[in-house]
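A.B. asks: Numbering (this note's numbering), first residue to last: 739 to 1565.
The structure under discussion is supplied below as structure tokens; questions concerning it will follow.
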Amino acid sequence: MKRYVFLFTLLFSISFVYGEDREVGLHFNSHTHLAEKRTTLELDNGEGIRLRHTLTFSFDMEVRKENTIYGFVFRMISDNDKNIDFMFSLDSLYQPFPELIVNDDVYPLAKKVQVRKSIPVKITLSREDNRILFVYNNSVFEVPYSFGDIEKFYVSFGKCRRGKYTSNDVAPVNLKNIRVYDDNKLIRNWLLSRHQGNICYDEVKGEKAVAQYPSWLIDDYWKWKEVATKKIENNVQFAFDSKNAILYIVPDETQITALDLKTVTEKIIKVKKGYPAASNYSQMVMDTIDNKLISFNLDNEYLSTFSFVDQTWSSTQKPLYESIYWHHASLYSSKDSCIYTFGGYGGYKYNNTLIRCFWPGNRWEKRRIDEIFPRYSAAISLVGEDLYVFGGRGSKTGRQELSTEYTYDLHKINIHTGKVSFVGDFAMDNITYLPAENMIFNEQDSSFYLLANLDGARLIRLSLRDEKAYYMGDAIPGNMSSLHLYRNLLYSSRESKLYAVYDKVPQNGIKTISIYSMKYPPLREEDTLQLANSGEDSQNMIIISGLIFLVGSLFLILSFRKKRKQRKRNVALSETLVSNEILHYDISFHSICLLGGFSVRNKKGEDITAHFTPTLRQLLLVLILYTYGGKKGILSSKLDELLWGDKDEGSARNNRNVSIRKLRVILEEVGDITIHNHNNYWEIIFGENVFCDYKELSQFLQDTRRLKDPEDFSRFMELAFRGTLLPNMQIDWIDPFKAGLSSEIIDILFAVSAQSDYDNPRMQIKIADAIFANDPLNEEALSIKCVALFNSGKTGIAKSTYDKFCKEYKSLLNESYPVSFNSIIKK
């Protein structure tokens, strides 16, 4: 019984650690590294894998976007010294392309390399059929091959160190899930996730895959990586744009440095006029909705906003340096447009004041929270309607000279009712620290993550489930003295990264700020370690994996059924089309769809279409259609005319500004979406993680040359099948967009049909169905489909298609369709 309890506990812990979406695999150091530092991975510890009848290797590959895409993905060397290689080579224009090399014969696999995309790769060595089957990105290639007396193959990925085949040319790829099958039986399974140093054990027999100079992607979830170190002046202000991962550094009223943490590049913005409201730490935030920096003065209760358009601060008053709120904690909430601060120190006293500033409006609320004793250097986080306050140092009297203490209590304050609740005490035995001011809440594990001044800097997780604190990740070396330095923990949802930002102690009079990053959600080092599994342990792991698979499968089935009910198409696809078509677009998350009907899903996959009032819905549609429908945006006057034509100019402008702000708040739930005004034209811009079907389809229509590429044409067809633009909305200004879009799609499909081989009925049927999705009564589409079905020997299905069309024709036009079935199929 204990054994099964142990297995269940282990199953739960594995599901907890790996249940979240983390990037795993092996990053192969390529041409950005010195030759001796490039990565190699040898399967079965370099001892070779035996070929009996049929041996299959498969793996998942992602090609990184680097300046040089050249080198080997793998080399397979037989025991009689023959080679089978998969690599990226360069054409006459020095453009990379994938190729298979068998001895001295070269087989190009595609004309170009697809980067930043997961590509399935499989190679099958068949002694019985005397052939090699190679599958690259779902395309199959067959090469005749006589295996003769070959008994085994030595397989190395990346850098090869075997005899005359030694090579330092390594392709810039990330690999995972390397599997080996012997006559369709799985005999090796290297996930390339957890590992033991430079070794990864396979999940079947515990055989080793040994790496040299590995970069395990899972290690990015527990190791801090230095992003940048920058010289700064004293008392600089910082604000973080979490949407775009930009850190703003404000040394004074003359300039602002925008440090892009994604590309590690900086831009200096010269300030034309005005002053920030304060010059102390932690008195500046970023409003990502209105794209403004907000500097706030807690002592004098006023704000100054910085406009990136005008490059000006709104305040003309130079700030005073002194404050009674040193080392307070602050944050900005886009949901209610408020700045929240708690605690601080000044005048030899600590305080327990909660400040709430409403922006815009410059309305301030201050009140003392008696349930939390006065302190400085607390950490705060806003979750729903509750402001959580953790830790710090202070005293119950508020006086510095009387009984100061470190505390590790966690409270929550309801921002509407003011109710204060004690959550728990998260003290760690014999550990003393102060947290950085910002905490990150992870809903999946019900935990807060914070940065503590331990061993330089350590990440700590406060688990609400068991009210305990845990170390996470490794330590950042250095000194994080709390009295003189700024420190903070930042989170970018777009990058799925944590950033640790803190000043370093001045050396030789030079003060610096250092930024480190860690993938999110973080792990402990022990969560990434893999034990060699064999015998009974291996069977236990198989049982656990099976349980996880079953639970996951059940979840996927239920999710699929739910989504299938929510995503009905206007037009049923022909039963002659295969059911396993590759879908290029995932609309279950981060999506705004206009084709086949209006729907919006947020980051969690929830349908939030109902959150849009009729006005906000029309506003969103105006912005999308005028931005991506062959126009450069919409003038403010035109926008006011369409949506608020019954109001005077001032009232229309006020309604527009209020509605745009409300729309921005809702779109924050969807993902990286920006609404901005350029030269009086309004535009909406979607980030890479947000899908909009109208945008995607419009880009194809604006550059039809892309449709010559088979994969792009497949994407276009998937969008065309979604149906007409906003079929359930009857609004005058939308009608021209509807008619124009359907007409363009149908014209392209007719052109493709005319060029396609009529001996390929499947393509003709697919084209006809796509036309029907955009024009259910298109007579030419009926002809194309019926002829294709008839020529395929499917006369019954062709007649059913014709009868269905006639019925719909009669229903809509109240007259019989005049062309007979026989007339159509004889064309």
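We put the beta carbon where it would ideally sit given N, CA and C, even for glycine.
Here the structure is a predicted model, which means the values were calculated and not measured.
Exposed or buried, what is Ile1107 when buried is set at 16 or more other beta-carbons lying within 10 Å of its beta-carbon?
C.D. replies: Stepping through the sequence shown from its first residue, residue 1107 is reached at position 369. Counting Cβ neighbours within 10 Å, Ile1107 comes out buried, since at least 16 surround it.
A.B. asks: Would you give the residue range spanned by the alpha helix (DSSP H) that Leu930 belongs to?
C.D. replies: For this step, residue 930 is matched to residue 192 along the sequence shown. Counting along the chain, Leu930 falls outside any alpha helix (DSSP H), and DSSP gives it neither H nor E.
A.B. asks: Buried or exposed: Glu971, going by 16 or more other Cβ atoms within 10 Å of its Cβ?
C.D. replies: Walking along the sequence shown from the start, residue 971 turns up at place 233. It is exposed - the Cβ of Glu971 has fewer than 16 other Cβ atoms within 10 Å.
A.B. asks: In terms of DSSP beta bridges, what is Val873 paired with?
C.D. replies: Mapped onto the sequence shown, residue 873 falls at position 135. In DSSP, Val873 forms a bridge with Lys860, Val878.
A.B. asks: Can you tell me the Cα-Cα spacing of Arg1016 and Arg1339, whole angstroms?
C.D. replies: The residue you call residue 1016 lines up with position 278 of the sequence shown. The residue you call residue 1339 lines up with position 601 of the sequence shown. The residue you asked about is not Arg; residue 1016 is Ala in the sequence shown. In a straight line, the C-alpha of Ala1016 is about 40 Å away from that of Arg1339.
A.B. asks: Just curious, the alpha helix (DSSP H) that Asn1395 is in, first and last residue?
C.D. replies: Numbered from 1 along the sequence shown, position 657 holds the residue referred to as residue 1395. That run of the alpha helix (DSSP H) goes 1387-1406.
A.B. asks: To the nearest angstrom, how far is it from the Cα of Asn1226 to the Cα of Val873?
C.D. replies: Numbered from 1 along the sequence shown, position 488 holds the residue referred to as residue 1226. Numbered from 1 along the sequence shown, position 135 holds the residue referred to as residue 873. Distance between the alpha carbons of Asn1226 and Val873: 48 Å.
A.B. asks: Out of curiosity, what's the CA-to-CA distance linking Asn1516 and Ile1509?
C.D. replies: For the purposes of this step, residue 1516 is taken as residue 778 along the sequence shown, with counting starting at 1. For the purposes of this step, residue 1509 is taken as residue 771 along the sequence shown, with counting starting at 1. Asn1516 and Ile1509: Cα-Cα distance of roughly 7 Å.
A.B. asks: DSSP three-state label for Gln1268, please.
C.D. replies: The residue labelled residue 1268 in the question sits at position 530 within the sequence shown. Gln1268 falls in the coil class under three-state DSSP.
A.B. asks: Please tell me whether Arg865 and Glu880 are closer than 9 Å, where the distance is taken between their beta carbons.
C.D. replies: By one-based count along the sequence shown, residue 865 stands at place 127. By one-based count along the sequence shown, residue 880 stands at place 142. Going by C-beta atoms, Arg865 is not nearer than 9 Å to Glu880.
A.B. asks: Rounded to a whole number of angstroms, what is the C-alpha to C-alpha distance between Ser1072 and Asn982?
C.D. replies: Translated into positions along the sequence shown, residue 1072 becomes position 334. Translated into positions along the sequence shown, residue 982 becomes position 244. Straight-line Cα distance between these residues: approximately 15 Å.
A.B. asks: If we ignore side chains and look at the alpha-carbon of each, how far apart do Phe1429 and Asp1378 end up?
C.D. replies: By 1-based counting over the sequence shown, the position of residue 1429 is 691. By 1-based counting over the sequence shown, the position of residue 1378 is 640. Phe1429 and Asp1378: Cα-Cα distance of roughly 27 Å.
A.B. asks: Could you tell me the distance, in whole angstroms, from the CA atom of Asp1431 to the CA atom of Gln1021?
C.D. replies: Here residue 1431 corresponds to residue number 693 of the sequence shown, with the count starting at 1. Here residue 1021 corresponds to residue number 283 of the sequence shown, with the count starting at 1. Taking the straight line joining both Cα atoms gives about 41 Å.
A.B. asks: Since Asn868 is in the beta strand (DSSP E), which residue starts that stretch and which ends it?
C.D. replies: Taking the first residue of the sequence shown as position 1, residue 868 is located at position 130. Taken as a continuous stretch (DSSP letters only), Asn868 belongs to no beta strand (DSSP E), as it is neither H nor E.
A.B. asks: Starting from Asp1450, trace the alpha helix (DSSP H) in both directions and tell me its first and last residue.
C.D. replies: As a first step, residue 1450 must be located in the sequence shown, where it is residue number 712. It spans 1448-1458 - the alpha helix (DSSP H) in which Asp1450 sits, taken as one unbroken run.
A.B. asks: Going by beta-carbon coordinates alone, are Val801 and Val853 separated by less than 9 Å?
C.D. replies: Translated into positions along the sequence shown, residue 801 becomes position 63. Translated into positions along the sequence shown, residue 853 becomes position 115. Result yes, Cβ atoms of Val801 and Val853 sit closer than 9 Å.
A.B. asks: Consult DSSP for Gln1493 and reduce its assignment to one of helix, strand or coil.
C.D. replies: Taking the sequence shown and counting its residues from 1, one reaches residue 1493 at position 755. Helix.
A.B. asks: Please report the distance separating the alpha-carbon of Ser1184 from that of Arg1203.
C.D. replies: Residue 1184 sits at position 446 when you count from the first residue of the sequence shown. Residue 1203 sits at position 465 when you count from the first residue of the sequence shown. C-alpha separation (whole angstroms): 7 Å.
A.B. asks: Where does the unbroken beta strand (DSSP E) through Asn1226 begin, and where does it stop?
C.D. replies: For this step, residue 1226 is matched to residue 488 along the sequence shown. Taken as a continuous stretch (DSSP letters only), the beta strand (DSSP E) holding Asn1226 covers 1225-1230.
A.B. asks: In the DSSP assignment, what are the bridge partners of Met814?
C.D. replies: Position 76 of the sequence shown, counting from 1, holds the residue named residue 814. For Met814, which the question treats as bridged, DSSP gives the partners Ile822, Val893.
A.B. asks: Under 9 Å, do Leu1520 and Thr1539 count as touching if we go by C-beta distance?
C.D. replies: In the sequence shown, residue 1520 corresponds to position 782, counting from 1. In the sequence shown, residue 1539 corresponds to position 801, counting from 1. Cβ distance < 9 Å, so Leu1520 and Thr1539 count as in contact.
A.B. asks: Out of Asn1089, Phe1128, Phe1034, which one is the CA nearest neighbour of Arg1101?
C.D. replies: Residue mapping note: residue 1101 aligns to position 363 of the sequence shown, counting from 1. Residue Phe1034 is the option with its Cα nearest to Arg1101.
A.B. asks: In this structure, how does DSSP classify Asn783 when only helix, strand and coil are distinguished?
C.D. replies: Working through the sequence shown from its first residue, we reach residue 783 at position 45. Of the three classes helix, strand and coil, the one that applies to Asn783 here is helix, per DSSP.
A.B. asks: Quick check: what's the CA-CA separation for Leu1090 versus Ser1045?
C.D. replies: The sequence position of residue 1090 within the sequence shown is 352, counting from 1. The sequence position of residue 1045 within the sequence shown is 307, counting from 1. Before going further, note that residue 1090 is Asn rather than Leu in the sequence given. Straight-line Cα distance between these residues: approximately 33 Å.
A.B. asks: Rounded to a whole number of angstroms, what is the C-alpha to C-alpha distance between Lys1400 and Asp1485?
C.D. replies: Position 662 of the sequence shown, counted from the first residue, corresponds to residue 1400. Position 747 of the sequence shown, counted from the first residue, corresponds to residue 1485. Cα to Cα, the separation comes out at about 39 Å.
A.B. asks: Which residue's Cα is closest to the Cα of Val1525: Ala1511, Glu1546, Asn1498?
C.D. replies: By 1-based counting over the sequence shown, the position of residue 1525 is 787. Considering only alpha carbons, the answer is Asn1498.
A.B. asks: For Glu1175 versus Ser1234, is the C-beta distance shorter than 9 Å?
C.D. replies: Counting from one through the sequence shown, the residue named residue 1175 turns up at place 437. Counting from one through the sequence shown, the residue named residue 1234 turns up at place 496. No. Outside cutoff.
A.B. asks: Can you name the start and end residues of the alpha helix (DSSP H) that Asp1345 belongs to?
C.D. replies: Start at 1 with the first residue of the sequence shown, and residue 1345 comes out as number 607. No alpha helix (DSSP H) holds Asp1345; DSSP gives it neither H nor E.
A.B. asks: Buried or exposed: which applies to Val911, given that a residue is buried once 16 or more other Cβ atoms fall within 10 Å of its Cβ?
C.D. replies: Here residue 911 refers to the residue found at position 173 when the sequence shown is read from its first residue. Counting Cβ neighbours within 10 Å, Val911 comes out buried, since at least 16 surround it.
A.B. asks: Which value, in whole angstroms, describes the spacing of the CA atoms of Gly1082 and Asp990?
C.D. replies: Taking the first residue of the sequence shown as position 1, residue 1082 is located at position 344. Taking the first residue of the sequence shown as position 1, residue 990 is located at position 252. Roughly 22 Å between the two C-alpha positions.
A.B. asks: Could you say which of Phe885, Asp867, Ile861 lies nearest to Asn875 if we only look at CA atoms?
C.D. replies: As a working mapping, residue 875 is identified with position 137 in the sequence shown. If we check each option's Cα against that of Asn875, Ile861 comes out closest.
A.B. asks: In whole angstroms, give me the CA-to-CA distance for Leu781 and Leu955.
C.D. replies: As a first step, residue 781 must be located in the sequence shown, where it is residue number 43. As a first step, residue 955 must be located in the sequence shown, where it is residue number 217. Approximately 19 Å, taken between the alpha carbons.
A.B. asks: Go through its chain and collect everything with a Cβ distance to Leu1445's Cβ below 8 Å, but skip five positions before and after it.
C.D. replies: Counting from 1 along the sequence shown, the entry for residue 1445 is found at position 707. Around Leu1445: Phe1438, Phe1451, Phe1454, Ile1486, Val1490.
A.B. asks: Inspect the beta-carbon positions of Met799 and Ser856 and report whether they are closer than 9 Å.
C.D. replies: Within the sequence shown, numbered from 1, the residue matching residue 799 stands at position 61. Within the sequence shown, numbered from 1, the residue matching residue 856 stands at position 118. The answer is yes: Cβ separation under 9 Å.
A.B. asks: Taking 9 Å as the threshold (C-beta atoms), are Leu772 and Ser894 in contact?
C.D. replies: Within the sequence shown, numbered from 1, the residue matching residue 894 stands at position 156. Within the sequence shown, numbered from 1, the residue matching residue 772 stands at position 34. Contact flag unset, no.
A.B. asks: Given a cut-off of 9 Å on the beta-carbon distance, is the pair Leu1188 and Ile1151 in contact?
C.D. replies: Here residue 1188 is taken as the residue at index 450 of the sequence shown, counted from 1. Here residue 1151 is taken as the residue at index 413 of the sequence shown, counted from 1. Cβ distance not < 9 Å, so Leu1188 and Ile1151 don't count as in contact.
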